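Protein chains in written order, with the numbering used here: chain A, 1 to 396; chain B, 1 to 396.
Ideal Cβ positions, reconstructed from N, Cα and C, are used throughout, including at glycine.
Because the structure is a prediction, the values reported are computed rather than measured.
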């Protein structure tokens, strides 16, 4: 059933079954929390729905209150009731803002195809997967303060990169600007030592995430403490936090893990997500894959992250790591799609890419269902590359 | 000159020249911002000093306002004026809380002696320093949500550690719980692409920091994305944020860097800090060293952290990394002091340590000046090890 007084276009990511949360600024007003329906947003505070929690600039307090579910129920009743057009804004008339105040951002590495591809590219003579990879969800802390909402331009970063001839490092604009197609979970309820089967108490919802990466800066800096400047300049997320509740019909069993994980990472409930993902470069699809085949689930990532007693906090963001499938066009980064420059990506306009050019726009899309069955989607996570800033200190 | 109506004990870390900021909860009241003098704290809001900024539970807004200097001036006037005993609390009557709301926590690796020691321990057959180490301040993002104030107990963490015989990883309590003696800078004013010579506009002050580390968990997990669970369980900081202003007399020229750093990391102003540091284990000094010999300065760390366009935010915490000097008793971690178990540390009670035992208390101390000249100190950063939690999922 869809509401009678709000048009939900056929195939929309945002039918009544979705109702994701976001934060928007109307042209004439203050930032506030909304729920999206079709191509509109519902102003929750104006509708009198928990105004003390919804007249806010992030959904953190709403998540922490545990009332997200009842808010979505009240919005459902509202939308199935008599028309209240004054509560709606067309989504094109508002500016979507970052929906969460990000606490810690931890990015994982949970696709076996991605980890294998990167291992083959960077350690051609060794085992593609390191010994720990099948034993725990490998991850690291990213920069929370660099998380931005979809639509925010991404400035090409500068950093120290060795000259290919002399090996001498120079501070230059990256020549290897890449994307990472990811999904991220948002923590809505705190806890430590969380068991995978309890993850549903703590995970509020999900967004798409693009972990922009400068591969040349990353390659030079990352030993021995991991990525830093190569990834800390920008991480984009989609503006609509799709709730776990809305996605529950799409939770499926994950792939069998071999070896069997340690008891503290063992799960009996299905936590893989049957989600379709696609990457567009300048409006042309260059990759598509599925999320259900991820080796480690968000439930296991959350269990691992808190297994040493660390608290998960409201607003924590857990990235899946780059999502790649087994096929050559199922890869979630350009370094994989173009195989580190060996097989450049051809575009319809006749140009080729090994990495991103200034002016390129990358858009991630993600949706569950469709093809006749009910659809619950994420919308888009998009960003356009701006040229590096002029800087007299650079040598390039 | 010292105030006439507040006793400042001889040799105190907190004379009138210091006046660091903290947040405390009095036995009978709400958390509020104070300035420490001798063994007392001054309640700023009660003194009528910027109450809208000081009647708070963190100093972030005060730092962001740019009024820290004028607040310290007003406290100086107050302390040199007529007695106002009602504004003081003995420091022993209040509970010191975390003084800052931590935004991003980035930990560096800026001691050449520490990096060389770790390189020798972990890569005995290779070059001790990796090629990037002298070119940029290597660092990574730590877990902001695990930063706690001095005095908070530290629970021995569990994690996956390979069995020494079979190599099979098990979820066990760490057997290699370590400390890291560090100093950290607190960002009080935001910015990107910060030059080292502009760092004084952005750095508000400093604290001592202990980056507790589980070496066995860390060793298994850290390839290829760096430390995570081995360090994310707890990071302690001292409660008093000593201002850059108070430490300016102790800024000195850093060691000569060879090779000369890239222009964007080059500095002409002195940013090494002539600070004495010591580590006590169960009230017995086991190490002491100086901070002035650090290879990379906080000004360079801040420049590096923002050189890719990333914003530094108010509340960002930049750790120096473990501070070690050239001598055998100048090492800031147990793995170095006991040389990974080869030379256990003997204590006065006849016991030995390679790593920490349950019940051990570690206290970091730091001070500038002294020995007849004016002293400005940090007080203590302390923590006591609690046993690992019982857990039926563990195999140990």
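Classify residue 27(B): buried if its beta carbon has 16 or more other beta carbons within 10 angstroms, exposed otherwise. exposed
Out of 91(B), 324(B), 153(B), 262(B), point me to the one whose CA is closest to residue 168(A)'s CA. 262(B)
According to DSSP, simplified to helix, strand and coil, what is residue 374(A)? strand
Of the residues that make up the region 299 to 311 of chain A, which ones have a beta carbon closer than 9 Å to any beta carbon in chain B? 304, 305, 307, 308, 309, 310, 311
Between which two residues does the alpha helix (DSSP H) holding residue 344(B) run? That residue, residue 344(B), is in no alpha helix (DSSP H); it is neither H nor E in DSSP.
Put residue 132(B) into one of helix, strand or coil per three-state DSSP. coil
Short CB-CB distance (under 8 Å) between residue 146(B) and chain A: yes
Could you say if the region 220 to 229 of chain A and the region 223 to 242 of chain B meet the contact criterion of at least three C-beta pairs nearer than 8 Å? yes
So if I threshold CB-CB distances at 7 Å, which residues from the region 195 to 212 of chain B count as touching chain A? none
Does DSSP put residue 165(B) in a helix, in a strand, or in coil? coil
Taking the continuous alpha helix (DSSP H) assigned at residue 265(A), which residues delimit it? Note, residue 265(A): premise wrong, no alpha helix (DSSP H); not H, not E.
When the Cα atoms are used, what is the spatial distance from residue 139(B) to residue 63(A)? 33 Å
Does the structure place the region 51 to 61 of chain B close enough to the region 108 to 117 of chain B that three or more beta carbon pairs sit under 8 Å? no
Start-to-end residues for the alpha helix (DSSP H) that takes in residue 216(B): 215 to 221
Applying a beta-carbon distance threshold of less than 9 Å, which residues of chain A neighbour residue 50(B)? Neighbours of residue 50(B) on chain A: none; closest Cβ ~25 Å, over 9 Å.
Suppose contacts are defined by Cβ-Cβ distances below 8 Å. Is residue 71(A) in contact with residue 44(A) by that definition? yes
Does the beta-carbon of residue 15(B) have 16 or more other beta-carbons within 10 angstroms, so that it is buried, or is it exposed? buried
List the DSSP bridge partners of residue 361(B). 384(B)
Check whether chain A comes within 8 Å of residue 104(B), counting only Cβ atoms and requiring the distance to be less than that. yes
Pull out every residue of the region 246 to 272 of chain B whose Cβ sits closer than 7 Å to any Cβ of chain A, in chain order. 262, 263, 264
Residue 33(B) by DSSP, collapsed to three states: which one? strand
Touching by the beta-carbon criterion (3+ pairs, under 8 Å), the region 239 to 248 of chain A and the region 200 to 219 of chain A: yes
Partner residues on chain B for residue 60(A), Cβ-Cβ distance less than 7 Å: What residue 60(A) touches in chain B: nothing, since even the nearest Cβ is about 13 Å away.
Based on DSSP bridge pairs, tell me the residues matched to residue 206(B). 185(B), 242(B)
DSSP three-state assignment for residue 326(B), whether helix, strand or coil: coil
For residue 256(A), count neighbouring C-beta atoms within 10 Å of its own C-beta (all shown protein chains included) and say buried if the count is 16 or more, exposed if not. exposed
Considering only their Cβ atoms, is the gap separating residue 172(B) from residue 315(B) smaller than 8 Å? no
Using only the alpha-carbon positions, how far apart do residue 356(B) and residue 146(B) sit? 19 Å
Using alpha carbons as the reference points, say which of 268(A), 101(A), 73(A) lies closest to residue 253(A). 268(A)
Within 8 Å, strictly: CB atoms of residue 236(A) and residue 383(A): yes
Measuring only the C-alpha atoms, how far is residue 161(A) from residue 211(A)? 20 Å
Should residue 362(A) be flagged as near chain B, meaning a C-beta pair shorter than 8 Å? no
Going by other Cβ atoms of all chains shown within 10 Å of its Cβ, with 16 needed for buried, is residue 80(A) buried or exposed? exposed
Can you name the residues of chain B whose CB is closer than 8 Å to the CB of residue 132(A)? 160, 169, 220, 221, 223
Going along the region 313 to 342 of chain A in order, which residues come within less than 8 Å of chain B, judged by CB to CB distance? 313, 316
Return the bridge partner residues of residue 272(A) from the DSSP annotation. 252(A)
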